[in-house]
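A.B. asks: Residue numbers (the numbering used here): 42 to 272.
Take this structure, written in structure tokens, and hold onto it; I'll ask about it next.
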């Protein structure tokens, strides 16, 4: 559920690669970091992509799961200059709204639901729930509704930027305190472009190929069990 809010990868974007833990968890369930770890540990080589850095840290650092004893791992951090990333956040939220974000949340909306648990705590849901509650109290005043909606959209953008800053702080802590081996890939130039063909080429040259080279070198030089985490 809530595929627009969560920016869930599409079938086409998967390009035939099997993805796990997408669409498998009940929206109202309180899926914890421990649940994530238990679901992630299989007999396959784990490649952990995206998601919460707190969940990845739990998986790697918690002695209960013996991750470091089972795998020799490294990390790829795809980074973008803060000002460029902030502009991208604003654009992305506007795209989500144009893709019927409000209607998606409206179908999921329960006024007295707990918006601190499960998928309802995702950025975009509490903000839109606030708008939907206030919308009911406004009869026929479209201008007031637009103002309230715009305030909720601004809150989504602001809270997303706050989340980004928190995630960056976590990454720096994992590097400096936990001594994680992190390959830092700067993708700023990709997000400065507008034309799709230029963006695609910049992504291949700036991000994709360097990452492939890093992974290939890692695989060739290591005979341990291998895991690759992309933050």
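C-beta atoms are modelled at their ideal positions from N, C-alpha and C, and glycine is treated no differently.
If you follow the alpha helix (DSSP H) that residue 189 is part of, which residue opens it and which one closes it?
C.D. replies: Taking the first residue of the chain shown as position 1, residue 189 is located at position 148. Note, residue 189: alpha helix (DSSP H), 183 to 217.
A.B. asks: Which whole-angstrom value describes the C-beta separation of residue 49 and residue 63, a residue pair presumed to lie in contact below a C-beta threshold of 8 Å?
C.D. replies: Your numbering for residue 49 matches position 8 in the chain shown. Your numbering for residue 63 matches position 22 in the chain shown. The Cβ separation is near 6 Å, so the contact holds.
A.B. asks: Compare the beta carbon distance of residue 228 and residue 234 with 7 Å and say whether it is the shorter of the two.
C.D. replies: The sequence position of residue 228 within the chain shown is 187, counting from 1. The sequence position of residue 234 within the chain shown is 193, counting from 1. No, the Cβ-Cβ distance between residue 228 and residue 234 is not below 7 Å.
A.B. asks: Mind checking which residues open and close the beta strand (DSSP E) that includes residue 118?
C.D. replies: In the chain shown, residue 118 corresponds to position 77, counting from 1. It spans 113 to 120 - the beta strand (DSSP E) in which residue 118 sits, taken as one unbroken run.
A.B. asks: Near residue 74, which residues of its chain fall below 7 Å by C-beta distance, leaving aside the five closest residues on each side in sequence?
C.D. replies: In the chain shown, residue 74 corresponds to position 33, counting from 1. For residue 74, where only same-chain residues beyond five positions count, the Cβ hits under 7 Å are 95, 96, 99.
A.B. asks: Compute the Euclidean distance between the alpha carbons of residue 196 and residue 167, then round it to the nearest angstrom.
C.D. replies: If you number the chain shown from 1, residue 196 lands on position 155. If you number the chain shown from 1, residue 167 lands on position 126. Approximately 10 Å, taken between the alpha carbons.
A.B. asks: Could you tell me whether the Cβ atoms of residue 68 and residue 165 are closer together than 7 Å?
C.D. replies: On the chain shown, position 27 is the one that residue 68 refers to. On the chain shown, position 124 is the one that residue 165 refers to. Not closer than 7 Å, so no.
A.B. asks: Within the chosen definition, does the region 46 to 61 reach the region 175 to 186 through at least 3 CB pairs nearer than 8 Å?
C.D. replies: In short, these stretches do not touch, since the Cβ pair count stays below three.
A.B. asks: Rounded to whole angstroms, what is the Cα-Cα separation between residue 154 and residue 261?
C.D. replies: Residue 154 sits at position 113 when you count from the first residue of the chain shown. Residue 261 sits at position 220 when you count from the first residue of the chain shown. Cα-Cα distance, rounded: 51 Å.
A.B. asks: How about residue 248 and residue 226: do their beta carbons lie closer than 7 Å?
C.D. replies: Position 207 of the chain shown, counting from 1, holds the residue named residue 248. Position 185 of the chain shown, counting from 1, holds the residue named residue 226. Yes.
A.B. asks: Let's see if you can read the secondary structure: which residues bound the beta strand (DSSP E) around residue 90?
C.D. replies: The residue labelled residue 90 in the question sits at position 49 within the chain shown. Counting along the chain, the beta strand (DSSP E) containing residue 90 begins and ends at 88 to 90.
A.B. asks: Identify every residue that forms a DSSP beta bridge with residue 223.
C.D. replies: One-based indexing of the chain shown puts residue 223 at position 182. DSSP, once it has assigned bridges, lists 116 as partnering residue 223.
A.B. asks: Report the rounded CA-to-CA distance for residue 90 versus residue 130, giving the unit in angstroms.
C.D. replies: Counting from 1 along the chain shown, the entry for residue 90 is found at position 49. Counting from 1 along the chain shown, the entry for residue 130 is found at position 89. Their backbone Cα atoms lie some 20 Å apart in a straight line.
A.B. asks: Which of the three DSSP states, helix, strand or coil, is assigned to residue 107?
C.D. replies: In the chain shown, the residue the question calls residue 107 occupies position 66. Coil.
A.B. asks: Hey, out of 141, 208, 254, whose CA is closest to residue 44's CA?
C.D. replies: Taking the first residue of the chain shown as 1, we reach residue 44 at position 3. Of the candidates 141, 208, 254, the one whose C-alpha sits nearest the C-alpha of residue 44 is 141.
A.B. asks: Take residue 231 and list the residues in its own chain whose beta-carbon comes closer than 7 Å to its own, dropping the five residues that flank it on each side.
C.D. replies: Here residue 231 corresponds to residue number 190 of the chain shown, with the count starting at 1. Cβ within range, chain order: 240, 243, 244, 247, 248.
A.B. asks: For the candidate residues 252, 193, 161, whose alpha-carbon lies nearest to that of residue 172?
C.D. replies: As a first step, residue 172 is located in the chain shown; it is residue number 131 there, counting from the start. Among 252, 193, 161, the Cα nearest to that of residue 172 belongs to 193.
A.B. asks: What's the call for residue 105, buried or exposed, on a 16-neighbour Cβ count within 10 Å?
C.D. replies: As a position in the chain shown, residue 105 is number 64, starting the count at 1. So residue 105 counts as exposed.
A.B. asks: When you compare only the Cα positions, how much space is there between residue 114 and residue 108?
C.D. replies: By 1-based counting over the chain shown, the position of residue 114 is 73. By 1-based counting over the chain shown, the position of residue 108 is 67. In a straight line, the C-alpha of residue 114 is about 9 Å away from that of residue 108.
A.B. asks: Where residue 120 and residue 111 are concerned, what is the direct C-alpha to C-alpha distance, given to the nearest angstrom?
C.D. replies: Residue 120 sits at position 79 when you count from the first residue of the chain shown. Residue 111 sits at position 70 when you count from the first residue of the chain shown. Cα to Cα, residue 120 sits roughly 28 Å from residue 111.
A.B. asks: At the level of alpha carbons, what is the spacing between residue 250 and residue 216?
C.D. replies: For the purposes of this step, residue 250 is identified with residue 209 of the chain shown, where counting begins at 1. For the purposes of this step, residue 216 is identified with residue 175 of the chain shown, where counting begins at 1. Those two C-alpha atoms are separated by around 23 Å.
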